[in-house]
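A.B. asks: Supplied in structure tokens, the structure appears directly below.
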Amino acid sequence: MLLPTPYLPSSRAIWPGLLIALLLLAGTQPALAGPVEPDYLPLIGKPAQLAVFWHDQRWTPGDEYACALYAQASVMEAMGYNFARELETMRSLGQRDNWYNPQTGTIGLGQPFLAKGIAYQSFGSPVDDTLTHERALYRLQRELSAGQYVIVNINAQLLSYYRGSAITWHTLWITGMRFDGQGTATHVIANDSYHGPAVEYPIDEFLNAWASEFNYYGIFIQNHVGET
7 MLLPTPYLPS
17 SRAIWPGLLI
27 ALLLLAGTQP
37 ALAGPVEPDY
47 LPLIGKPAQL
57 AVFWHDQRWT
67 PGDEYACALY
77 AQASVMEAMG
87 YNFARELETM
97 RSLGQRDNWY
107 NPQTGTIGLG
117 QPFLAKGIAY
127 QSFGSPVDDT
137 LTHERALYRL
147 QRELSAGQYV
157 IVNINAQLLS
167 YYRGSAITWH
177 TLWITGMRFD
187 GQGTATHVIA
197 NDSYHGPAVE
207 YPIDEFLNAW
217 ASEFNYYGIF
227 IQNHVGET
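Sequential numbering of the sequence shown, starting at 7, is according to our numbering.
Following this line, the structure appears as structure tokens:
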């Protein structure tokens, strides 16, 4: 007597079901962690908080060359002083002492802080003529990380935004710096009285603009609480 041959599924019938089972099982397993990336801060400084102290110089007649006054008065406002009052004081003081001319602009930085006894440090020309991009960038990062206020002079024509415009010698309040995932600085963030609050400029363009003519000239102002 012949017994019936049992049904044995072919490999074609087995593999689809087995594959589905394996995929379902894999979905329940925890994923293996990849290599740990360095924990770099995406930015330093406080550009968002300091953006509220930005002021636009473009629509005030006679202030076409007052970018340095606006930057310094804005920093003073962040310290607790009244912006409009300090700006007017700077106009008068600068013209009296020959470091500000409405037709040509400002010579140097820091005079308004000196007049109030607010401590600051000068950087770059003519203090140090041996600076490089690397040294200047390191110092800028250090000051921003410490919470100091940074004001710099630049050749604006070396920034893409200003290239071909009438703006050449210009002053920025640097409020922050942005980094990529490897910890490399990619942009500086500035309150720019001729452009806007918390605007970003590529780091290479900025360093070239800062180095050109002014040899990384700027001042680092210590935090100080003033009048309201």
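Every residue gets a Cβ at the ideal spot worked out from N, C-alpha and C, and that includes glycine. For clarity, every value in this text was computed on a predicted model and none was experimentally measured.
(1) For Leu146 and Ile180, which I take to be in contact (beta-carbon distance under 8 Å), what is that distance rounded to the nearest angstrom?
(2) For Pro118, collect the residues of the same chain with a Cβ closer than 6 Å to its Cβ; drop the 5 residues on either side in sequence, then sort them by chain order.
(3) CA-CA distance, Thr177 and Pro108?
(4) Within its chain, find whatever has a CB closer than 7 Å to the CB of Pro36; leave out the 5 residues flanking it on each side and keep chain order.
(5) Grouping DSSP H, G and I as helix and E and B as strand, with all else coil, what is Leu236?
(6) Assess, as a yes-or-no matter, whether the stretch 202-221 is touched by the stretch 164-176 under the definition of 3 or more beta carbon pairs within less than 8 Å.
(7) Of all the options Thr136, Ile209, Cys73, Gln127, which has the alpha carbon lying nearest to the alpha carbon of Asn159?
(8) Do you know whose CA, among Ser218, Tyr222, Gly182, lies nearest Leu47's CA?
(9) Under the three-state reduction of DSSP, which class applies to Ala191: helix, strand or coil?
(10) Can you tell me which of the three DSSP states Arg184 falls into?
(11) From the DSSP secondary-structure annotation, give me the bridge partner or partners of Gly116.
(12) Give the secondary structure of Pro36 by DSSP, where H, G and I count as helix, E and B as strand, and everything else as coil.
(13) Nearest by alpha-carbon distance to Thr174: which of Gln127, Met85, Ser218 is it?
(14) Just to confirm my understanding: we take Ala204, look at its own chain, exclude 5 residues before and 5 after, and list those with CB closer than 8 Å. What are they?
(15) Terminal residues of the continuous alpha helix (DSSP H) containing Tyr76?
(16) From Gly170, Gly202, Lys122, pick the residue whose C-alpha is nearest to that of Ile227; which is it?
(17) Let's test the definition: count the other Cβ atoms within 10 Å of the Cβ of Leu120 and tell me whether it reaches 16, buried, or not, exposed.
(18) Around the C-beta of Ile124, are 16 or more other C-beta atoms found within 10 angstroms, so that it is buried, or is it exposed?
C.D. replies: According to the data block:
(1) Contact annotation, Leu146 with Ile180: C-beta distance approximately 7 Å; criterion of less than 8 Å satisfied.
(2) Cβ neighbours of Pro118 beyond the five flanking positions: Gln78, Met96.
(3) Thr177 and Pro108: Cα-Cα distance of roughly 15 Å.
(4) Reliability of the predicted coordinates at Pro36 is poor, the pLDDT of 46 falling under 50, and no value is obtained from them.
(5) Here the chain covers residues 7 to 234 and nothing more, so residue 236 does not appear.
(6) Contact between the stretch 164-176 and the stretch 202-221 is present, because at least three Cβ pairs lie under 8 Å.
(7) Of the listed residues, the one whose Cα sits closest to Asn159 is Cys73.
(8) Comparing Cα-Cα distances from Leu47 to each of Ser218, Tyr222, Gly182, the minimum goes to Gly182.
(9) DSSP places Ala191 in strand when its eight states are reduced to three.
(10) In the structure shown, Arg184 sits in a strand (DSSP, three-state: E or B).
(11) DSSP lists no partner for Gly116.
(12) For Pro36, the pLDDT reaches just 46, beneath the cut-off of 50, and the residue's location in the model is therefore unreliable, although a value from the coordinates is still provided. It is coil, neither helix nor strand.
(13) Nearest of Gln127, Met85, Ser218 to Thr174, Cα basis: Ser218.
(14) Excluding its 5 nearest sequence neighbours in each direction, Ala204 has C-beta neighbours in its own chain below 8 Å: Pro53, Ala54, Leu56, Ala57, Trp60, Thr181, Gly182, Ile195, Ala196, Asn197, listed in chain order.
(15) Following the DSSP letters along the chain, one finds Tyr76 inside the alpha helix (DSSP H) bounded by residues 73-85.
(16) Per the Cα distances, Lys122.
(17) Only exposed fits Leu120, as fewer than 16 other CB atoms lie within 10 angstroms of its CB.
(18) Ile124 is classed as buried because its beta carbon has at least 16 other beta carbons within 10 Å across all chains shown.
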